[in-house]
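Residue numbers (the numbering used here): 280 to 803. The beta-carbon is built from N, C-alpha and C at its ideal position, and this holds for glycine as well. Reading through the structure tokens given below for one structure.
Right, here's the structure in full:
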């Protein structure tokens, strides 16, 4: 495959230097057309943009190949006046054998390609690249949050991070690669103008033709050459537009597109009614409009029945899945697994952990692991967050290796105010104790927060209370959380920069178990 790509580029370079036979020109023009069709249909049927992650490189290769073909066809037109059958067919058949019609069709294709498709694709690529890069930190934090809550495992987190990096690289490349498409179209237009002028000069001076004969012969060939290059270029531009507007969606493009345009039955009924009314009450062609209206109404009815049947099938499948789950023997091994650190909370605290409701507890958990790792030099295990309906709505508990270590209770939509010893004036509230250090405190409302701070109180929001409590519990039990496998991972990291030291230490001087005990004592 690598040699094939290399030969492709070598052939493109050779076409710039060596004259070609018209039969070979017909074959290469047909190959260029086939490649354009392949790129267009692949872009259309790809489920996500990363299915064509090398699309920017494909744009470069097709542009180079097409420019080489333009140079070779120009050489044939000006030297022999017979560039092959493909160019003649495009000049005579597509243009109807009429010079004016051929020129108009060619100009229309260029206008659509340059102003509509290329300009839109270029702008979409720029905006998508910028938004993708801006959204990367948030997506990275979302992946870390899912990993911490146990929604995904390490392998899935790594796959998502790699995919995120590939998407950013792809859209960044597309921002520049879209210029290839625009430049290809502009180059085709300039080459066509040069061919027309050069053809007239060659026809009149070298071949002794009259101005009319030279214009008729060489201009039609030039327009045919322009069309045979513009149509593949147009298909590549369409593929670029389809790919950049598809974004990061993972779905069947054709099915989703048709479903979104024609999937709403109410709209289909309205379209059918409007078309039928236009056909009956206006001078527009009755058969055409009434026929289209009836087609839309029938399609709407069929679509409605299909949706109803699909809902029934989904309900039946859901019942079957539930019944199968009941009959299936339970996997006891999953029940024996114990998480190193667990934070369980009642349903009243769920909004604090739900990103969709503005909760930032997951982000705070990620920061806790990083903070302790920087302070103590050890990796904190994944912290599992779970809701527990058996707890009070505002209660939470912290478990270490399945054993409850500590608990606390918060008031949602309230703040905890603590007296650091320098409060100028007391404020009323609900008495409580700060869970981390068991200091006396009071619960106050949002309206009292500013006044409490002005009096000298230290005011803390509920997520900070839970995060601080969790941090202190982890610090107290960090020695228990350090496992033999963690020590092995630390030694492996040491080997990357100090191979000789690690080899001398383990197992010659100390075993992993001895190192584990030393590190645990240091952490206590």
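Let me check one thing: in DSSP terms, what residues is residue i bridge-paired to?
i	result
residue 665	623
residue 693	724
residue 710	721
residue 675	624 and 687
residue 738	696
residue 682	679
Please report the straight-line C-alpha distance between residue i and residue j, rounded to a whole angstrom.
i	j	result
residue 658	residue 753	11 Å
residue 409	residue 796	50 Å
residue 311	residue 336	16 Å
residue 461	residue 354	24 Å
residue 578	residue 546	11 Å
residue 722	residue 420	31 Å
residue 513	residue 455	18 Å
residue 496	residue 562	45 Å
residue 283	residue 289	10 Å
residue 418	residue 443	8 Å
residue 574	residue 431	47 Å
residue 627	residue 595	34 Å
residue 538	residue 388	29 Å
residue 666	residue 623	5 Å
residue 446	residue 691	39 Å
residue 643	residue 740	13 Å
residue 406	residue 413	11 Å
residue 479	residue 485	10 Å
residue 781	residue 295	59 Å
residue 385	residue 500	12 Å
residue 564	residue 286	56 Å
residue 852	residue 397	Nothing about residue 852 can be reported from this structure: the residues present for the chain run from 280 to 803 only.
residue 804	residue 671	The structure shown does not extend to residue 804, since the chain spans only 280 to 803, so no value can be given for it.
residue 509	residue 404	22 Å
residue 728	residue 638	20 Å
residue 676	residue 771	34 Å
Taking C-alpha atoms, which residue in the options lies nearest to residue i?
i	options	result
residue 365	519, 563, 309 and 583	309
residue 725	520, 708 and 735	708
residue 276	339, 670, 371 and 758	Outside the displayed span of the chain (280 to 803) sits residue 276, for which this structure offers no information.
residue 450	332, 706 and 638	332
residue 394	329, 339 and 464	464
residue 655	538, 760, 664 and 586	760
residue 734	392, 696, 740 and 755	696
residue 346	334, 504, 439 and 768	504
residue 342	448, 315, 326 and 356	315
residue 732	756, 717, 705 and 750	705
residue 436	622, 661, 403 and 305	661
residue 568	552, 411 and 711	552
residue 425	634, 778 and 523	634
residue 746	508, 474, 782 and 686	686
residue 548	688, 770, 558 and 572	572
residue 293	348, 330 and 318	348
Report buried or exposed for residue i, applying the criterion of at least 16 other Cβ atoms within 10 angstroms of its Cβ.
i	result
residue 775	exposed
residue 457	buried
residue 359	exposed
residue 693	buried
residue 361	exposed
residue 487	exposed
residue 344	buried
residue 701	exposed
residue 423	buried
residue 762	exposed
residue 587	exposed
residue 750	buried
residue 789	exposed
residue 798	buried
residue 847	Any answer about residue 847 is impossible in this case: the structure gives the chain only from 280 up to 803.
residue 489	exposed
residue 525	buried
residue 305	buried
residue 401	buried
residue 717	exposed
residue 678	buried
residue 766	buried
residue 322	buried
Could you tell me whether any Cβ in chain D is nearer than 8 Å to the Cβ of residue i?
i	result
residue 577	Among the chains in the structure shown there is no chain D, since it carries only a single protein chain.
Given the structure, does residue i come close to the ligand NAD, in the sense that its CB is under 7 Å from one of the ligand's heavy atoms?
i	result
residue 597	For the ligand NAD, the structure offers nothing, since it holds no ligand at all.
| request: Tell me the start and end of each unbroken alpha helix (DSSP H) in the segment 541-577 that is at least 4 residues and wholly inside, in chain order. | output: As far as the segment 541-577 is concerned, its whole alpha helix (DSSP H) runs of at least 4 residues are 544-560.
Pick out the complete alpha helix (DSSP H) segments inside the segment 334-405, 4 residues or longer, and give them in chain order. Listed in chain order, they are 334-358, 364-368 and 378-390.
Suppose only complete runs of 4+ residues qualify. What are the alpha helix (DSSP H) ranges in the segment 449-491, listed by chain order?
The segment 449-491 contains no whole alpha helix (DSSP H) run of 4 or more residues.
Would you list, in sequence order, the uninterrupted alpha helix (DSSP H) runs of no fewer than 4 residues that lie entirely inside the segment 301-333?
Taking 4 residues as the shortest admissible run, the segment 301-333 contains the following complete alpha helix (DSSP H) segments, listed from N- to C-terminal end: 301-324.
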